[in-house]
Amino acid sequence: MNLTGMFRARRAAQGTTSPYVLDRPTCAVLVLVVVALLALMIIVPMDVEQQMLFSAGCMIAALVLRRAANRVAILAMVVLSVVASLRYMYWRLTSSLGFDNWLNMLFGYGLVLAELYALLVLLFGYLQTAWPLQRKPYPLPADSSVWPTVDVFIPTYNEPLDIIKLTAFAAQAIDWPKDKLRVYVLDDGRRDEFREFCESVGIGYIIRPDNNHAKAGNLNFALTQTSGEYIAIFDADHVPTRSFLQVGMGWFLKDPKLAMLQTPHFFFSPDPFEKNLDTFRSVPNEGELFYGLVQDGNDLWNATFFCGSCAIIKRAPLEKVGGIAVETVTEDAHTALKLNRLGYNTAYLAIPQAAGLATESLSGHIGQRIRWARGMAQIFRTDNPLLGKGLSLGQRFCYLNAMLHFFYGLPRLVFLTAPLAYLIFEAQIFQAPALLIVAYALPHILLASVTNSTIQGRFRHSFWNEVYESVLAWYIMRPVLLAMVNPKLGKFNVTAKGGMIDESYFDWKMARPYIVVLALNLIGMLVGVAKLGFDPDASAVTLLINLVWTLYNIIISAAAVAVASEARQIRAEPRVFATLPAMLGLANGKTIACQTNDFSQRGVGIHLPEGVQVACGEEVHVSLFRDGEEGVFPASVVFSHGQTLGLNFANLTLQQQSELARLTFSRADTWAKSWGTGVVDTPLGALAEVTGIGWRGICLLSRATFDESVRHVRALSFTFKSTPRNP
Amino acid sequence: MSTSSDISSLFKLFGGRSAHYQEISQEDEKQSSMERWPGVAKVELSGVAAEPAVLTPSGAAVRPALFAAVAPVSPAMAPEPAPSPEAVPQAKAVAAPYAAPDWASESLHSLLGKLAQEDRREVVNAPVRVTRPRPNLANIKIIAVISAKGGVGKSTLAAGLSAVMQRQGRAVLALDLDPQSALINHLGVAIDPMQVAAEGLAHCVADAQMRDFCQPTPSGVFVLPYGMVDEGQRRTFERQLEDEPDWLAQQLSELQLADGSVVVLDTPPGPSAYLQQALSVANVAVVVSLADAASYATLPMIDRLLSTYTADRADFYGATYVINQVDQSRKLSKDITQIMRGILGGRVAGIIHRDQSIAEALAYNQSVLDYDPSGQGCHDLQAIALNVLAKLFATQRSEQLA
C-alpha cells in the first residue's frame, strides 16, 4: 500500500468532515509554497561568512534533532540535509566550474559527475529509507482448514548433500498442516545420493533434462511439476524456522493482490569482512542495511523486490509473468519488477525467519556482488523502471535507486583518487577560493553523515559504506559498464559456499587494486606534505584540504587492504552461537544439567556448571531441549577445557538428524534475537573504528610484504645453493 | 494457542500475538506417538481436579516462616479442638500431668526441638470413635504424594520435595503414611534394617501426641516415620483410620505448626485408608507415575480416587503429575511421556530424568541435592518443587489481593 493509499484509507476511516483535512487545491498550493521557499534557500548567493553561519545553524539544528530521533525529527533532518546538499550542488555547478586547460577540465568534470551521482543516490536513499514501513505479521484465521497449500522449493546445483539435508529437515518441520505442505528438492546436479535421501525422508525430488537458465530455469521447471497455491523458495543453505509460514502467510490472505513476500537473509556465519576484520556481531554486516532498512523502506512504496530466497510467491501471478525471469542474471529482482508492472503488490517482513551461510572468502563475496551488479545493469538497460507502464512513481524511484546503487564503481574510484589531481598534477579542479569550498562542502558532507547515521545507525555504521564500496569498486566497474553497453554479455556464476580456508593468507590477487590506490595516496600525501613545508607558492589552505581528503582515502583503502587478509578458519562447519538448555548423560548413568554455547549439524559446544569435569574422549549422550521436547544424541567429547566442552555427534540416523534440526535450527527466535543488536552507530566512534582497521591493514600489508620478500630471497638463495658444484 | 518459549519470545521481539500461533508439528508428533503403540489406548480424565478451588475466606496473612527465623505472627486459627464429651477421659487422665506450653508463639524448629528432649508418652491403643468439629488447617499447606502403582519413586520424590522446599526457606514436616516406612531413609537418616524407627505415626492412636515421634534429620526437614508395628497393631491402626475419617486432620491441627509450614505426606500405592486420609487434608496431590504403558493404564484409576476423596473439599487446589525415570533415548519412554503430557497438559509439574545419582544418593545416605547438585535429577526435582510451591501459594496470594 503506498503512501497516498494509506492517507486515503485513514481519511476514509475518520470520515471526511474533519476541519483539519486538506483538500486537493489547498494541498497543492501548500506544496508549491514550500517548494518555492526551499528553492529560494538553495539558490540565494551568500558570501563566506553568511554561508558559514547558515551551515553552523543547520548543523546545530541537526544535532538537536538527532537526540529526538523519531520519525518527524528524521524528516526534518532530511529536509535540512537536502537543502544543504542542493545548495552545495547549485553553487558547484554555477560557480566552481570553468576550467582553462584540458587537464583541469578532465579532472574537474570527472569529479563533478561523480558528485552528481553521489547526490542522486543520497536523495533517492532518503526517499527509500526515511520512513520504513515496519510491517508486523498478520494473524492467520484460526481454522487451519482454510489455509492454502504451499510448495517449498529448495533448488540446488553443486552444494553438498549435508547442506541440503539441514534445509530439507527444517522445511519439513515448518508448522503447517501436513497435507498442505510439500517440500521439493530441485536438483540440477541430478545426483543419486540426493534422490535416495529424498526418498528415504519422504520429500519430493525434481530433476530436469537440462540446466538452461540455471536457478531460474530450475524453478520454472518445478513450477510445471507442482500445484501448490503458494511457493516458498529457499536456497540450498538457507534454513527456515518452524514459524516461517505462519509468520508470513497472513498477509497473503489479507491482501488478495499480494504476490510476493520477502524476509531477510540472515547469516549465522561471518562474511569475509566480519571474519577478516573480526567485527562479527559488533559492527552490522553489509547485508543488514539492505535487509534491515532499505527493503523496509521499499515496502512503503510497494517496491520490495524478490531476493532469490527466504520468500513466498503466489503461483498464479508468477505464472502470469511467465515464471521467474530468465533475461538477466538477477532473475529475482527482475521477477518482482514484472509482478509490480502487472499491478501486484509485494511485501517485506523485517523478521529473520531463515538463516544461512555467508560467502566464505573475499573472492567468493566479490563474485556474488559482480553478478548482482551485472544483473541490475542488465535490467536497467532492458526493462528500465523509469519507462514502461504499470509502476507508480515511488516504485520507479525505488527500483531505479536499487540499480543506481551498483554504479558506484567509477565514482568511488574517482573519489579515492581525486585529491591526487591537485597534489601530483597540480590540476585546479575547483575554480573557487578554498574557504568557500569548505563553507559549502562541509555542511553537505556532515549533514548527510549525521542524517544517514540517525536513519541507519542500527544497521550500518558511518564510513563503513566507503569501505564496502572501496573493496568492490574496481571489480564491479567493468561488468557494469559492459552490461550497460551490451546486456547480453555475462553469465551466471554460482556463488561458492561451504569451502574451508586452511591457512590464513593474504589474498594478493584480490588486494591489488586497493594496494595501488593506497600507494598512490601515500605518494600524494608525501608530495603534499613536502610542498606544504618547502613550496612557498602553494596555497596552504588548498593543500591542507587536499591532504585531509588524502588522509581519509588512505584510511579507507588501508581498511580495504585489511579485508584481503584472509583469516584462518578453524572449523569446517560454522557454528551458531546460542544458549539452550541441555543435559549430558554419562556412561555411568549419571547426568549433568548444562547449557549449550553453540551448535551445528556436526556437534555442540557445552558450558558445564561449576565443579564438574568431563574428560576428553568420553562417550556421552547429549540431550537438547525445546520446552517440553527433548532429543537425545550420541556424541563424543573432542575438546575439554575447564567448563567448556566440545562434542561431536556420532553417526546420527536420518531420524536423529531431523530431530536435531527441529530442536536447534528450527527454533523460531534464534535469528530474531541477534537481529539489529550490534553497537548502534556514532559517527566519531565509527571513524575511530575504521581508522583502527586502516592501521591494521597497513600493518598486515607490511608484514605480508616482508614475508613475501623473505620467501623470495630464500627461494633465490636456495636455487643458488643447490647449483651443483663442478667436480 | 502456543505456549512455546521460542514462539513467545519471537513475537515479543517483533510485535504480533503468539496466541494465534498453532503448534502443528507438536500435535502431529503426539498423534504419531499414540499410533506407534497399539496397546496404548486413549484415556479420558476428568477435568475436575485441574482447576484450583476457591479458598474458604480464612483471611490469614501468612508469611512463610523461615526455618531458623524468629517467631511468626500471632497464631492463626489453629485452636485446640475441644474434645466432645465422649472423648477419651482416661487418656486425658494419663496425660494430665503434662502441661502444654505455649506452642503457638514459637517456630516449628524450637517446638519440635523441645519435643526431642521431653519424655515420651505412653501410647494408649484403645480405638475410640470421636466426632469433633473439623479442624482448620488453613495456616499450613499439605502436599500428598500419591500413586497408583508401587515402585514409581513416591518416597524419593516426597523426600526430595521436602528437602528442596526446606532450602527455599519453608518449615517442612515429612509424614510417612506408608507401612514400608521408607521415607525416613531418604532424608539422610542412616539405614539400619535392625533398627527401623520403632515408634512413629502408627503408634499415634487414642490421644497420643504425634509431636512426640517427630524426628529432626540432617537436611533440616522434620520427619514422622510410620514406625515399626506388628500386623495386629497395623490392622488396629487402619481400622481407627477408617473409623475416624478426619483423624489425620485432627492430628495435624494438634501439632500446631507454624504458619506457612509445609507438610509432605508419603502414601502407599493404590487405594487405601492412608490415601483417603491424605486426600482429605491435602491442598495439592502430587501423582507420581513412570513413563511406561502400565502406569499410563492406571491414570484413570488414580483420577477416580482423586475425584472420590476431594470432590467436596473447598481447599483442594488440584492434582499435579510427575513423570519419573524418563529416558528420552528410549522410544517407549519418550512416546509415553509425550502422550501423558498431551493428556495432562498443564497439570504436569515436571518430569524427572533417569539419573543414577538419585539411587546412589540413597545408598550414600545423602540427599540428592548434596550428592549431585549439578545432575539433571536434582534440577528436575528443584523445578518440580518450585512448580508445586507456586501452586500451593498462588491461590493464597490471589486471596490476599482480594
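Chains as they are written, first to last, in the numbering used here: chain A, 1 to 727; chain B, 728 to 1129. For every residue, glycine included, the Cβ atom is placed at its ideal position computed from N, Cα and C. Quick caveat, the model's predicted, so the values are computed rather than measured.
Asked                                                                                                                                                                            : Found
When the Cα of residue 997/B is compared with those of 738/B, 751/B, 872/B and 763/B, which residue comes out closest?                                                           : 872/B
When we look at the beta-carbon of residue 1051/B and count the other beta-carbons within 10 Å, is it buried (16 or more) or exposed?                                            : buried
Which bits of chain A does residue 736/B rub up against, with CB to CB less than 9 Å?                                                                                            : 668, 669, 672 and 673
Quick one: list the residues of chain A neighbouring residue 740/B, beta-carbon separation under 9 Å, in chain order.                                                            : 351, 669, 672, 673 and 675
Rank 889/B, 773/B and 738/B by C-alpha distance to the C-alpha of residue 1111/B and give the top, closest one.                                                                  : 889/B
Report the residue from 648/A, 629/A, 627/A and 644/A whose alpha carbon sits nearest the alpha carbon of residue 637/A.                                                         : 648/A
Could you list the residues in the region 584-611 of chain A with a C-beta less than 9 Å from some C-beta on chain B, going in chain order?                                      : 584, 585, 586, 588, 589, 590, 591, 592, 593, 594, 608, 609, 610 and 611
Would you list, in sequence order, the uninterrupted beta strand (DSSP E) runs of no fewer than 3 residues that lie entirely inside the region 151-218 of chain A?               : 181-187 and 204-206
Expressed to the nearest angstrom, what Euclidean distance is found between the alpha-carbon atoms of residue 984/B and residue 869/B?                                           : 12 Å
So, are the CB atoms of residue 338/A and residue 325/A less than 8 Å apart?                                                                                                     : yes
Could you tell me which whole alpha helix (DSSP H) segments of length 4 or greater appear in the region 438-491 of chain A?                                                      : 464-485
At the level of alpha carbons, what is the spacing between residue 76/A and residue 137/A?                                                                                       : 30 Å
Taking beta-carbon pairs under 9 Å, can you tell me which members of the region 236-258 of chain A lie near chain D?                                                             : As a matter of chain content, chain D is missing from the structure shown, whose protein chains are A and B.
Using only the alpha-carbon positions, how far apart do residue 458/A and residue 291/A sit?                                                                                     : 12 Å
Suppose the cutoff is 8 Å on Cβ atoms and the five residues either side in sequence are ignored; what does the same chain contact list for residue 437/A look like?              : 96, 430 and 545
Rounded to whole angstroms, what's the CA-CA distance from residue 328/A to residue 45/A? Just pull it up for me.                                                                : 47 Å
Which class does residue 648/A belong to by DSSP, given the choice of helix, strand or coil?                                                                                     : strand
Can you list, in chain order, the residues of its chain with a C-beta nearer than 7 Å to that of residue 269/A? Leave out the 5 residues immediately preceding and following it. : 357, 358 and 574
Given that a residue counts as buried once 16 or more other Cβ atoms are within 10 Å of its Cβ, and exposed if not, what is residue 610/A?                                       : exposed
So, under 8 Å CB-CB, residue 665/A and residue 166/A are touching, yes? Tell me the CB distance rounded to an integer number of Å.                                               : 6 Å
Compute the Euclidean distance between the alpha carbons of residue 433/A and residue 559/A, then round it to the nearest angstrom.                                              : 32 Å
For a contact meaning CB atoms closer than 8 Å, what does residue 144/A contact in chain B?                                                                                      : 749 and 751
Using a Cβ-Cβ cut-off of 7 Å (strictly less than) and excluding sequence neighbours within five positions of residue 887/B, which residues of its own chain qualify?             : 1095 and 1108
Indicate whether at least one CB of chain B lies closer than 8 Å to the CB of residue 628/A.                                                                                     : yes
In chain order, what residues of the same chain have a beta carbon less than 7 Å from the beta carbon of residue 891/B, not counting five sequence neighbours either side?       : 1096, 1108, 1109 and 1112
Against chain A, with Cβ distances strictly below 8 Å, would residue 861/B count as a contact?                                                                                   : no
If you draw a straight line from the alpha carbon of residue 530/A to that of residue 479/A, how long is it in whole angstroms?                                                  : 39 Å
Where does residue 1052/B sit, in a helix, a strand or coil, going by DSSP?                                                                                                      : strand
Restricting to Cα atoms, I'd like to know which of 380/A, 305/A and 455/A is closest to residue 73/A.                                                                            : 455/A
Just to make sure I have the definition right: I need the residues of chain A whose C-beta is within less than 8 Å of the C-beta of residue 1106/B. Which are they?              : 593
So, does the CB of residue 299/A fall closer than 8 Å to a CB anywhere in chain B?                                                                                               : no
Measuring only between beta-carbons, confirm whether residue 178/A sits less than 8 Å from chain B.                                                                              : yes
Using the Cβ count rule (16 or more neighbours within 10 Å means buried), how would you classify residue 41/A?                                                                   : exposed
Within the continuous beta strand (DSSP E) that includes residue 746/B, where are the two ends?                                                                                  : First-last for residue 746/B: undefined, no H or E at that position.
Can you pull the chain A neighbours of residue 1068/B, defined as C-beta to C-beta under 9 Å?                                                                                    : 628
Suppose the cutoff is 7 Å on Cβ atoms and the five residues either side in sequence are ignored; what does the same chain contact list for residue 670/A look like?              : 576 and 578
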